[in-house]
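Just below is one structure, and these are the notes that go with it.
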Amino acid sequence: MNLLITRMRPSILLSIVTIISSFAGERERCTGLDSFYITDCCYSTLASCSKNHPACAIAQHLKKFSFWIDSIQSEKPCSSRVAALAERYAGFADTVVHTIDVREVAFVGSPDAPVTLLLYVSALCPLCKKVYKELYDEVTGGSLQNKARIGIKVFSERPGDIALLAAKKFNKQSEFLLSLAGVEERITGKIIMQK
221 MNLLITRMRP
231 SILLSIVTII
241 SSFAGERERC
251 TGLDSFYITD
261 CCYSTLASCS
271 KNHPACAIAQ
281 HLKKFSFWID
291 SIQSEKPCSS
301 RVAALAERYA
311 GFADTVVHTI
321 DVREVAFVGS
331 PDAPVTLLLY
341 VSALCPLCKK
351 VYKELYDEVT
361 GGSLQNKARI
371 GIKVFSERPG
381 DIALLAAKKF
391 NKQSEFLLSL
401 AGVEERITGK
411 IIMQK
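Take the sequence shown: its position 85, counted from the start at 1, is 305 in our numbering, and no numbers get skipped.
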């Protein structure tokens, strides 16, 4: 390595030293994130719990979230990053029950399945279609067969979603959404009418 550096031009060497110096001078990690206290699986700090209790899924998820929030909010005070972590953690411990009307939902999968998955989707959303297709495959013949069933709730009044609602009336909602999953171009009214 020393031989390589001595043969470099001074301008290149200065650039390398500048880059290394900029990384060395980066802000230190917010210590409040590692000392965040978790009561659900190990009654210890996030750093200790994620290190000593790898089976604690909450700690592992929060550890990844803490690194992410620390990187995107580096200009904000440490206390705001810790507050974001606390809010994320509260979401895991929330016990509020919300009633969802499923009377008009057509489910796919075993009616006796112990788990019900309800997806709020848009027929025009590429991610919605991809997730639905993967879950559909798992529920109808994969690892979730007889373990889960899925249903769809439409969350907009766009033409594609109105068509998805109409497809339900003919018991073709899944077929309609699965047929749209293969469309890689922007979905238009013409494409919907063809499907």
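The C-beta atom is built at its ideal place from N, Cα and C for all residues, glycine as well.
Query raised in the report: Which class does Ile-372 belong to by DSSP, given the choice of helix, strand or coil?
Result: Strand, per DSSP.
Query raised in the report: Taking 7 angstroms as the cut-off, does the CB of Pro-331 come closer than this to any heavy atom belonging to the ligand MN?
Result: This structure does not include the ligand MN; it has no bound ligands of any sort.
Query raised in the report: Does the distance from the CB of Tyr-340 to the CB of Ser-394 come in under 8 angstroms?
Result: No, Cβ-Cβ distance for Tyr-340 and Ser-394 is not below 8 angstroms.
Requested in this report: Assuming Val-328 and Leu-338 form a contact by the criterion Cβ under 8 angstroms, report the distance between their Cβ atoms to the nearest whole angstrom.
Outcome: Not really, about 12 angstroms apart at Cβ, beyond 8 angstroms.
Requested in this report: Have a look at Lys-389 and Leu-305 and give me their C-alpha separation to the nearest angstrom.
Outcome: For Lys-389 and Leu-305, the distance between alpha carbons rounds to 43 angstroms.
Query raised in the report: Going along the chain, which residues of its own chain have a beta-carbon closer than 8 angstroms to the beta-carbon of Ser-270, five neighbours each way excluded?
Result: Same-chain partners within the cutoff: Cys-276, Ala-279, Gln-280, Leu-282, Lys-283.
Requested in this report: Note the first and the last residue of the continuous alpha helix (DSSP H) segment covering Leu-361.
Outcome: One detail in the question is off: residue 361 reads as Gly in this sequence, not Leu. In the DSSP assignment, Gly-361 falls within the alpha helix (DSSP H) that extends over 346–361.
Query raised in the report: Would you call the region 285–302 and the region 252–271 in contact, with 3 or more CB pairs under 8 angstroms?
Result: These segments touch.
Requested in this report: Kindly give me the distance between the Cβ atoms of Ala-326 and Asn-366, rounded to whole angstroms, as I take these residues to be in contact under 8 angstroms.
Outcome: The C-beta distance from Ala-326 to Asn-366 rounds to 18 angstroms, too long to fall under 8 angstroms, and the pair is not in contact.
Query raised in the report: Taking DSSP as the reference, what is the three-state secondary structure of Ser-255?
Result: The answer is coil: DSSP assigns Ser-255 none of H, G, I, E or B.
Query raised in the report: beta strand (DSSP E) containing Tyr-263: first to last residue?
Result: Segment: none, Tyr-263 is in no beta strand (DSSP E) and carries neither H nor E.
Query raised in the report: Any idea what DSSP makes of Gly-380, helix, strand or coil?
Result: The answer is helix: DSSP assigns Gly-380 an H, G or I state.
Query raised in the report: What three-state label does DSSP hand Glu-246 in the structure shown?
Result: Below a pLDDT of 50, predicted positions are generally treated as unreliable, and Glu-246, at 48, falls in that range; the measurement from the model is reported next regardless. It is coil, neither helix nor strand.
Query raised in the report: DSSP on Leu-305, reduced to helix/strand/coil?
Result: Helix, per DSSP.
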